[in-house]
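2 protein chains.
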Amino acid sequence: VAEIAALVFDVFGTLFDWRTSIAREVRSLAPGVAGDAFADAWRRLYQPSLERVRSGERPFAKLDVLHRESLDRLLPEFGLGNLDPPERDRLNQAWHRLDPWPDVVEGLARLHSRFVLAPLSNGNVSLLIDLARHAGLQFDTVLSTELFQAYKPQPETYLGACRLLDRDPDSVLMVAAHADDLRAAATNGLQTAFVARPLEWGASASFEHPVDAPFTFSVGDLGELADRLGC
Amino acid sequence: VAEIAALVFDVFGTLFDWRTSIAREVRSLAPGVAGDAFADAWRRLYQPSLERVRSGERPFAKLDVLHRESLDRLLPEFGLGNLDPPERDRLNQAWHRLDPWPDVVEGLARLHSRFVLAPLSNGNVSLLIDLARHAGLQFDTVLSTELFQAYKPQPETYLGACRLLDRDPDSVLMVAAHADDLRAAATNGLQTAFVARPLEWGASASFEHPVDAPFTFSVGDLGELADRLGC
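Each protein sequence line maps, in turn, to chains A and B. Counting from 1, one number per residue, gives the positions in the first sequence under our numbering. Counting from 1001, one number per residue, gives the positions in the second sequence under our numbering.
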């Protein structure tokens, strides 16, 4: 196994608890709305919206734009079709101020003492900057897939990140709570760390550890990852 | 004047004292060499090497590559033609571990409390990451011109930075010690801050404040800039 020089992180679900944050924001805007269901429904439109870019059906658009289009589709279904454009923009910006999982701030600080750290996320650059500032996270740079005009799991996102870091893929560790992201990273030569986030879709959703994929590391949180990496 | 949201910084000469650092590294490798003259000569090959990319004479190459080619040209002139490739690589990496000017660490920390900060430099991403880690600087992301496969003062570097930050150019402040960089930034709609670095080329080099360019701010160091911006 090659020596690890840099860690790149999936963001939504891996570092940030999007569901609780989005539910809270929509409830504060419209107290009667089922916030959790709204958050889940918004997030379920995420992969289909990316897929239209990945497939070439439409040109690249920033995730902020895709989130906003999904929101416009969703609002009438939740009886919120009367929100005006500035209110929609503000709600869309909720993705810029998500709260991190409880282990993230300290875990990243420990990892940063020894490794180069960057998000490798489908979030656009400005979104990822805002999230890191909101949570007080220190990254060395932002490796948004916007830089490559592509979306994970397209190969150019993983390989482009390694190229910018000037590192061979096997010296870069992809950290994520999603097996498909890690499988694509591994296919492109990166090392992988699975972080279990059983609450990503709420306490009542079923959660299963992926068993079919051999990851370099499999941990319960970033503190455990820091332990395993000797930080 | 629009409200400023983000500050982008030139790096070599503006934040980092390349001359003292490079001179020290070459002297430690070869005590008899005139370190200051070597540093100046290496830096004088910088713009011509960028110009071959900007003009289209050659495809884009990272600054690390250009620095290394310039070094190979230079070494025989200083009686160092016998350095082997690993020694040359190590010396080339000296650009990744420059020391900042004395006001930079505290100045950036103050500015970071209120503004998004990023280097906007011809240094490649990995070089800029290493410099920030070496000096203990906290940026929100790295806006290397490598992201745009171009070199300042090409317009796509300034405009690309604003696009990734999702900000209109007039809400982005370019900070540099070089009038030509600031003039190009202003031409592309950015606000500008000139920082005087009279020692960039050493105490015996002549230094003149640019008088023909109306910058948004003109300051003596980053502490003064933080004062002016109310940080």
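Cβ coordinates follow ideal geometry from the N, Cα and C atoms, glycine included.
Sixteen is the threshold: when 16 or more other Cβ atoms of the shown chains lie within 10 Å of the Cβ of V116/A, as they do, the residue is buried. The straight-line gap separating the alpha-carbon atoms of V65/A and Q47/A is approximately 14 Å. I1129/B belongs to the set of residues whose beta carbon lies under 7 Å from a beta carbon in chain A. For L173/A, the secondary structure class from DSSP, reduced to helix, strand or coil, is strand. If you check the CB distance, F217/A and A193/A come in under 7 Å. Listed in chain order, the positions of the segment 113 to 142 of chain A with a beta carbon within less than 8 Å of a beta carbon of chain B are V116, N124, V125, S126, L128, I129, A132, R133, Q138, F139, D140, T141, V142.
Near chain A, meaning a CB-to-CB distance below 7 Å, the residues of the segment 1158 to 1180 of chain B are L1164, L1165, D1166. For P1153/B, there is no enclosing alpha helix (DSSP H), as DSSP marks it with neither H nor E.
Contiguous beta strand (DSSP E) elements confined to the segment 1184 to 1218 of chain B occur at 1191 to 1195, taking only those with 3 or more residues. The criterion of a C-beta distance shorter than 7 Å is satisfied by T141/A and A118/A. Taking 8 Å as the upper bound for CB-CB distance, T14/A and A177/A are in contact here, some 4 Å apart. For S1121/B, the closest C-alpha among the options Q1149/B, G1202/B, T1187/B, D1036/B is that of Q1149/B. Distance check between P1210/B and each of L1050/B, E1146/B, A1196/B places A1196/B closest, using alpha-carbon atoms only. The alpha-carbon of F1078/B is positioned some 7 Å away from that of F1038/B.
Judged by DSSP in its simplified three-state form, F78/A adopts helix. For S113/A, the number of other beta carbons within 10 angstroms of its own is below 16, and it is reported as exposed. If you check the CB distance, L165/A and A6/A come in under 7 Å. For the pair L190/A and Y158/A, the CB atoms are nearer than the 7 Å cut-off. A straight line joining the alpha-carbon of F60/A with that of V53/A spans about 6 Å.
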